[in-house]
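*Asks:*
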Amino acid sequence: MADSLSTGLGEEKEKEKEDREDDRDAGKTEKNNEKGGVTETLGFSDPNSGRKEKKRNLSDLSLVRFITTELTRGYFLEHNEAKYTERRERVYTCLRIPKELEKLMTFGFFLCLDAFLYVFTLLPLRVILALLRLLTLPCCGLSGSRVLQPAQVCDVLKGFIMVLCYSMMSYVDYSMMYHLIRGQSVIKLYIIYNMLEVADRLFSSFGQDILDALYWTATEPKEKKRAHIGVIPHFLMAVLYVFLHAILIMVQATTLNVAFNSHNKSLLTIMMSNNFVEIKGSVFKKFEKNNLFQMSNSDIKERFTNYILLLIVCLRNMEQFSWNPDHLWVLFPDVIMVIASEVAVDIVKHAFITKFNDISADVYGEYRASLAFDLVSSRQKNAYTDYSDSVSRRMGFIPLPLALLLIRVVTSSVKIQGSLSFMCVLLFYLGMITLKVLNSIVLLGTSCVFVKEANMEEKLFDPPPSAVSSRANSRAHRAKHVHTSPQQEPTPDKGGISLASDSSQNIDMEESSVPTFPKSDSDTFLTTPDEEDDDKIINADTGLEGDRLKHRTPKKDLLEIDRFTICGNRID
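For the sequence shown, the positions run 1 to 572 when the UniProt record's numbering is used.
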């Protein structure tokens, strides 16, 4: 029995070993099969199957299939709707720029024309009235504390400046200057013309300050402490400035006349190409609304000045050809070419500046409203300046030198002989007065409409800004430093965690939930913040921006921007 049991147990153990060996063999065969399958898929086991797959891949990469795919593939612009909508708005803005820009240019042109005609029409009459008041003063007696009103004093000073400068200009020989400039080479004349443009801007920036200093020195109240060198030195400086500026404009007009009369027109072409160089110097720069406002005013002044220079050139050429009307048609194509190039350059320049800086075309409506506000405010009872002076400050256009040069050219070109000639001059003068009055009426009505549309009626009754107070505020703003108050000092609690940080975080969260903006008067209308500052939340009382105290320069209203005011670290 024992032997039979032992033999049975041995057989069972042998069967179990055999079963285990069979399982191991089956597992090995499965692994081999898997390896074989992988190698087959890689193409190493069966060469025929690899060749078939290569042929199939080559058929997929055929030229016909590639062309078919390129012709039939599609895409959906709606997946990036915001991007393409913005691009379309930019195109529409560029298409609106010529219309809006020319509206501003036309309005500004008639503003300059109004200030320019004032010198020829109303200024002589006002000077005569002021002198009559001085002559009749012993008979009528002194009704007030002043012999003349401040405006009358300024008019008399302007009249004396024009008379003295005209007498000095009579000694300048225009023909000698023309032949002297004509003998120079083309490159020299091109360089001279560019230098004259720069000098004209410098003269305009300093000249209006000289005239304003003269007017204030002559009309300053006696009870105030006078800290000046006297009226006569200021008057002599003003006479010298107007005379030198008139000579500068005469050289410009003579250079342009030489360019018109050159045989190959090379100088005229070079001078016109100078306008296109202006595009390169201004388009690829960062512009804010204030900078664009300065550039727009500069373009208005430049366009009006060019029209007067072209008029002077035509008068000089017509005189040389004995006022033959046929010669006017010879000059006409060149005049049209100069004007067209100026208009084209302005349109292209403003279109790309607004495109690159994301400025809307509606900003030109704000510029018109700002210029209209100057005209309307000068008609108020509490006006603090004459309109021609405000135009000079806003656009850099000073009419006295240009009017002086035009009077000099007209009197030298047109000979007045006989009573009939005097009658013609009188009729022409009456016609200019009529044009001035009609232009002023239309401009005043249009300006009132622009001011009303811009909701600026309340600003008409505000007192004029004080330069001393604004300087004091800016200095105080610059001198302000960051100081931590004793209540905000970090006080660690028992756990060693600063309580001030938690309180500051809570304060920042409260400030971020309710945004507050600066409450100054200059930010209520026509303010021009930087684009990168639009999304920043700033506390008006503390100046906090986020979690830091940051220095910010005060924003300027468009009404405070003159032609030569620094905006964005530069003047445009």
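Where a beta carbon is used, it is the ideal one built from N, C-alpha and C, also for glycine. Remember, predicted model here, so these are calculated numbers, not experimental data.
Buried or exposed, going by whether 16 or more other CB atoms sit within 10 Å of the CB of residue 575?
*Replies:* There is simply no residue 575 to check, as the chain begins at 1 and stops at 572 in what is shown.
*Asks:* For Thr69, which three-state DSSP category applies?
*Replies:* In the structure shown, Thr69 sits in a helix (DSSP, three-state: H, G or I).
*Asks:* Rounded to the nearest angstrom, how far is the Cβ of Gly108 from that of Ile300, given a contact under 8 Å?
*Replies:* With 8 Å as the limit, Gly108 and Ile300 qualify as a contact, their Cβ atoms being about 3 Å apart.
*Asks:* May I ask you to report which of helix, strand or coil DSSP gives Asn80?
*Replies:* In this structure, Asn80 counts as helix in the three-state DSSP scheme.
*Asks:* Quick one, are the C-beta atoms of Ser341 and Met237 less than 7 Å apart?
*Replies:* No.
*Asks:* Please say whether Tyr178 and Thr93 have beta carbons closer to each other than 7 Å?
*Replies:* No, they are not a contact pair.
*Asks:* Exposed or buried, what is Gln149 when buried is set at 16 or more other beta-carbons lying within 10 Å of its beta-carbon?
*Replies:* When all chains shown are included, Gln149 counts as exposed.
*Asks:* Span of the alpha helix (DSSP H) holding Arg316?
*Replies:* Its alpha helix (DSSP H) spans residues Lys289 to Gln320.
*Asks:* Quick check: the stretch 376-387 against the stretch 277-290, are there 3 or more CB pairs under 8 Å?
*Replies:* Touching, no, given that fewer than three Cβ pairs across the two stretches are closer than 8 Å.
*Asks:* Return helix, strand or coil for Arg146, following the three-state DSSP convention.
*Replies:* The answer is coil: DSSP assigns Arg146 none of H, G, I, E or B.
*Asks:* For the stretch 401-420 and the stretch 74-87, state whether three or more C-beta atom pairs, one from each stretch, are separated by less than 8 Å.
*Replies:* Result no; under three Cβ-Cβ pairs closer than 8 Å.
*Asks:* So, with DSSP's three-state summary, where would you put Pro221?
*Replies:* Here Pro221 sits in coil by DSSP.
*Asks:* For Ile97 and Arg303, what's the separation of their Cα atoms in angstroms?
*Replies:* Each residue's alpha carbon lies about 17 Å from the other.
*Asks:* Find the nearest neighbour of Val363 within the set Asp155, Leu104 and Ser377, judged by alpha-carbon distance.
*Replies:* Closest by alpha carbon: Leu104.
*Asks:* Looking at C-alpha atoms only, which residue of Ser298, Leu328, Lys459 and Asn317 is the closest neighbour of His350?
*Replies:* For His350, the nearest C-alpha among the options comes from Ser298.
*Asks:* Given Ser204, which residues of its chain have a CB within under 7 Å of its CB, disregarding the five upstream and five downstream residues?
*Replies:* Excluding residues within five positions, the ones whose Cβ falls inside 7 Å are Gly396 and Ile398.
*Asks:* Could you please give the first and the last residue of the uninterrupted alpha helix (DSSP H) stretch that includes Asp326?
*Replies:* Residues Pro325 to Phe356.
*Asks:* Label Val198 either buried or exposed according to how many other C-beta atoms from any shown protein chain fall within 10 Å of its C-beta, with 16 as the threshold for buried.
*Replies:* Its Cβ having fewer than 16 others within 10 Å, Val198 is exposed.
*Asks:* Could you check if Val442 is buried or exposed, using at least 16 other CB atoms within 10 Å of its CB as the buried criterion?
*Replies:* By the neighbour-count rule (16 or more Cβ atoms within 10 Å), Val442 is not buried but exposed.
*Asks:* Using the Cα positions of Cys154 and Leu196, report the straight-line distance between them to the nearest angstrom.
*Replies:* Spanning the two alpha carbons is a distance of roughly 29 Å.
*Asks:* Ignore the nearest five residues each way along the sequence and tell me which others in Leu117's own chain have a CB closer than 8 Å to its CB.
*Replies:* Around Leu117: Met432, Leu435, Lys436 and Asn439.
*Asks:* Please work out which residues of its chain come closer than 7 Å, Cβ to Cβ, to Ala213, disregarding the five sequence neighbours upstream and downstream, and give them in chain order.
*Replies:* His234, listed in sequence order.
*Asks:* Measure the alpha-carbon distance for Pro215 versus Val251 and round it to whole angstroms.
*Replies:* Going by the sequence as given, residue 215 is Tyr instead of Pro. Looking at the two C-alpha atoms, the distance is approximately 29 Å.
*Asks:* Find the nearest neighbour of Leu268 within the set Val391, Asp114 and Ile336, judged by alpha-carbon distance.
*Replies:* Nearest C-alpha to Leu268: Ile336.
*Asks:* For Arg90, name the three-state secondary structure that DSSP assigns.
*Replies:* Of the three classes helix, strand and coil, the one that applies to Arg90 here is helix, per DSSP.
*Asks:* Could you say which of Ala369, His263 and Ile270 lies nearest to Glu100 if we only look at CA atoms?
*Replies:* Closest by alpha carbon: Ala369.
*Asks:* Run the CB neighbour count on Leu135, radius 10 Å, all protein chains shown included, and call it buried at 16 or more, exposed below.
*Replies:* That one is exposed.
*Asks:* From which residue to which residue does the alpha helix (DSSP H) around Gly396 run?
*Replies:* Gly396 -> no alpha helix (DSSP H), and no H or E assigned at all.
*Asks:* Assuming the contact rule is C-beta atoms closer than 8 Å, Ala314 and Ala246 should be a hit. Round their C-beta distance to whole Å, please.
*Replies:* Sequence inspection shows Cys at residue 314; the Ala mentioned does not correspond to that position. So it is not a contact: roughly 19 Å between Cβ atoms.
*Asks:* For Ala130, which of Lys158, Phe120 and Cys112 has the nearest alpha-carbon?
*Replies:* That would be Lys158, whose Cα lies nearest to the Cα of Ala130.
*Asks:* Starting from the Cα of Asp374, find the closest Cα among Leu61, Asp346, Val258 and Leu111 and give me that residue.
*Replies:* For the residues Leu61, Asp346, Val258 and Leu111, the minimum Cα distance to Asp374 belongs to Leu111.
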